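Positions in the sequence shown are counted from 1; adding 29 to them yields this note's numbering.
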Amino acid sequence: MTDPVFRFAPSPNGHLHLGHAYSALLNQRMADACGGRLLLRMEDIDRERCTPALEQSMQEDLHWIGFEWEKPVRRQSEHFSVYEEALDRLIGLELVYPAFLSRGGIRREIGHIAGGVDNWPRDPDGALLYPHTDRQLPARERDRRIAQGQPFSWRLNMDRALNHISAPLSWREISLDSPIEEAAMVEAAPQVWGDVIIARKDIPTSYHLSVVIDDALQGITHVVRGKDLFHATSVHRLLQQIFDIEPPLYHHHSLLLDKDGKKLSKSRKDTSLRSLREDGATPAEIKAMVGLSFEGHNGDEWFDKLRR
Numbered sequence: 030m031t032d033p034v035f036r037f038a039p040s041p042n043g044h045l046h047l048g049h050a051y052s053a054l055l056n057q058r059m060a061d062a063c064g065g066r067l068l069l070r071m072e073d074i075d076r077e078r079c080t081p082a083l084e085q086s087m088q089e090d091l092h093w094i095g096f097e098w099e100k101p102v103r104r105q106s107e108h109f110s111v112y113e114e115a116l117d118r119l120i121g122l123e124l125v126y127p128a129f130l131s132r133g134g135i136r137r138e139i140g141h142i143a144g145g146v147d148n149w150p151r152d153p154d155g156a157l158l159y160p161h162t163d164r165q166l167p168a169r170e171r172d173r174r175i176a177q178g179q180p181f182s183w184r185l186n187m188d189r190a191l192n193h194i195s196a197p198l199s200w201r202e203i204s205l206d207s208p209i210e211e212a213a214m215v216e217a218a219p220q221v222w223g224d225v226i227i228a229r230k231d232i233p234t235s236y237h238l239s240v241v242i243d244d245a246l247q248g249i250t251h252v253v254r255g256k257d258l259f260h261a262t263s264v265h266r267l268l269q270q271i272f273d274i275e276p277p278l279y280h281h282h283s284l285l286l287d288k289d290g291k292k293l294s295k296s297r298k299d300t301s302l303r304s305l306r307e308d309g310a311t312p313a314e315i316k317a318m319v320g321l322s323f324e325g326h327n328g329d330e331w332f333d334k335l336r337r
């Protein structure tokens, strides 16, 4: 039986906040509970916003709260050739196409097609689905635009991709209240995302592509991440099926919200680990803030079900 492998994978484009601390420590507790390994990955494909200084800050804050991981750290920016190979495979299968519309262009095209965006479908994140206009562009026209240096992204032709696979898609969602054998089967619905971005002109990948490839290459067996990525798992299952990748188990944990019910942000200093640390908070207090402090009672009972 393969040893369980967990990972915490932040983007070093800001300072970690309490929500990151919860996710990291939950991964660690779950890995410890089932005797698994724990990896750290830096999802730093955005080279403008992600910096070595911010990565160093993240690692310092993680060490401070007691999060420890296997070395070395995997940095996505060091593996663009791997993602480019995967992209080339999708191009060869004719499952992606160059899409030239900007955000403003998308709205204008939808206005031309539907008279406005009010009734146009949106993805789970609220973005307008990409119109199919660029799907029909002749190869010669695509090549001309690319040769002229027009900005573009590689988008998945969702209809072709769904026709490419043979079986319905689903994933196993772990509950902390039930043994793994009773994990719920969740039906994947990648079609609700439309033609998602797979790569960009200057970056041969996107979050969707790189996370699927990395999880496979690192042998990740358990993906523990926030509920804000629950729906994205449908896209990941589709890509896993196309690349013949065995899917991991998933657990999408609740998000820590502020007093107004909004998701925590890296731009806010009051919930950043660095600011809390500078204000005198201790690692034990951080664990208590995020609800992962088990001093005084048998917290291991919460994780016993993972061992079954």
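C-beta: ideal position from N, C-alpha, C; glycine also.
Remember, predicted model here, so these are calculated numbers, not experimental data.
Original post:
Cβ of N192 less than 7 Å from any chain D Cβ?
Top reply: You won't find chain D in this structure, because it holds only one protein chain.
Subject >> Cβ-based neighbour list, L285, same chain, cut-off 6 Å, excluding 5 preceding and 5 following >> reply: One-based indexing of the sequence shown puts residue 285 at position 256. Answer for L285: L47, G48, Y51, L293, listed in chain order.
Subject >> Distance between beta carbons of R184 and V225, contact taken as under 8 Å >> reply: Locating residue 225 in the sequence shown gives position 196, where the first residue counts as 1. Locating residue 184 in the sequence shown gives position 155, where the first residue counts as 1. Right, the Cβ-Cβ distance comes to about 7 Å (below 8 Å), so this counts as a contact.
Original post:
So, is P276 buried or exposed, given that buried needs 16 or more other C-beta atoms within 10 angstroms?
Top reply: Here residue 276 refers to the residue found at position 247 of the sequence shown. By the neighbour-count rule (16 or more Cβ atoms within 10 Å), P276 is buried.
Original post:
I227 lies in the beta strand (DSSP E); which residues open and close that run?
Top reply: Against the sequence shown, residue 227 aligns to sequence position 198. For I227, the uninterrupted beta strand (DSSP E) segment begins and ends at 226 to 229.
Subject >> Helix, strand or coil at W200 according to DSSP, with G and I counted as helix >> reply: Reading the sequence shown from its first residue, position 171 is the one you call residue 200. DSSP places W200 in strand when its eight states are reduced to three.
**OP:** Can you give me the Cβ contacts of P160 inside the same chain, cut-off strictly under 8 Å, excluding the 5 residues immediately before and after it?
**Re:** As a first step, residue 160 must be located in the sequence shown, where it is residue number 131. Excluding sequence neighbours, P160 sits near L130, I135, E138, I139, I142.
Subject >> Whole-number beta carbon distance between L198 and A213, since they are thought to touch under 8 Å >> reply: Indexing the sequence shown from 1 puts residue 213 at position 184. Indexing the sequence shown from 1 puts residue 198 at position 169. Not a contact, Cβ separation roughly 15 Å.
Subject >> For W222 and F332, the rounded distance between their alpha carbons >> reply: The residue labelled residue 332 in the question sits at position 303 within the sequence shown. The residue labelled residue 222 in the question sits at position 193 within the sequence shown. Legend: pLDDT at F332 = 43, less than 50; position of this residue unreliable, value from coordinates given subsequently. So the alpha carbons of these two residues sit roughly 34 Å apart.
Original post:
Does the stretch 309 to 318 come close enough to the stretch 62 to 78 to have 3 or more Cβ pairs within less than 8 Å?
Top reply: no
Original post:
When the Cα atoms are used, what is the spatial distance from D243 to D73?
Top reply: Here the question's residue 243 lines up with position 214 in the sequence shown. Here the question's residue 73 lines up with position 44 in the sequence shown. Going from the Cα of D243 to the Cα of D73 covers about 12 Å.
Original post:
Which residue or residues does DSSP assign as beta-bridge partners of M214?
Top reply: Your numbering for residue 214 matches position 185 in the sequence shown. Paired residues: R201.
Subject >> Beta-carbon proximity list for H193, same chain, < 8 Å, skipping 5 on both sides >> reply: Taking the sequence shown and counting its residues from 1, the one referred to as residue 193 is at position 164. So the list reads L122, L124, I271, once near-sequence residues are dropped.
Original post:
Distance, Cα to Cα, L321 vs L55?
Top reply: Your numbering for residue 321 matches position 292 in the sequence shown. Your numbering for residue 55 matches position 26 in the sequence shown. Answer to the nearest angstrom: the Cα atoms are 8 Å apart.
Original post:
Does the distance from the C-beta atom of H281 to that of I203 stay below 7 Å?
Top reply: As a position in the sequence shown, residue 281 is number 252, starting the count at 1. As a position in the sequence shown, residue 203 is number 174, starting the count at 1. With contacts defined by Cβ atoms closer than 7 Å, H281 and I203 do not form a contacting pair.
Subject >> Proximity of D90 and L45 at Cβ, strictly below 7 Å >> reply: As a working mapping, residue 90 is identified with position 61 in the sequence shown. As a working mapping, residue 45 is identified with position 16 in the sequence shown. Yes, the Cβ-Cβ distance between D90 and L45 is below 7 Å.
Original post:
Mapping DSSP to helix, strand and coil, what is P150?
Top reply: Locating residue 150 in the sequence shown gives position 121, counting from the first residue. Correct three-state label for P150: coil.
**OP:** Whole angstroms is fine: what's the gap from E97's alpha carbon to F37's?
**Re:** Sequence index remark: in the sequence shown, residue 97 carries index 68 (1-based). Sequence index remark: in the sequence shown, residue 37 carries index 8 (1-based). Roughly 10 Å between the two C-alpha positions.
**OP:** Have a look at E210 and R201 and give me their C-alpha separation to the nearest angstrom.
**Re:** Taking the sequence shown and counting its residues from 1, one reaches residue 210 at position 181. Taking the sequence shown and counting its residues from 1, one reaches residue 201 at position 172. Spanning the two alpha carbons is a distance of roughly 10 Å.
Subject >> Neighbour-count burial assignment, L83, 16 or more Cβ in a 10 Å radius >> reply: By 1-based counting over the sequence shown, the position of residue 83 is 54. Flag for L83 reads buried.
**OP:** Check W183 in the structure and name its three-state DSSP category.
**Re:** As a first step, residue 183 is located in the sequence shown; it is residue number 154 there, counting from the start. Note: W183 maps to strand in three-state DSSP.
Subject >> N- and C-terminal bounds of the beta strand (DSSP E) containing E99 >> reply: As a working mapping, residue 99 is identified with position 70 in the sequence shown. Here the beta strand (DSSP E) through E99 covers 99 to 104.
Original post:
Any idea if H265 is buried or exposed, counting beta-carbon neighbours within 10 angstroms, 16 or more meaning buried?
Top reply: Along the sequence shown, one-based indexing puts residue 265 at 236. Result: buried.
Original post:
Quick one, which of R306, D257, S239 has its alpha-carbon nearest E107's?
Top reply: On the sequence shown, position 78 is the one that residue 107 refers to. Among R306, D257, S239, the Cα nearest to that of E107 is on S239.
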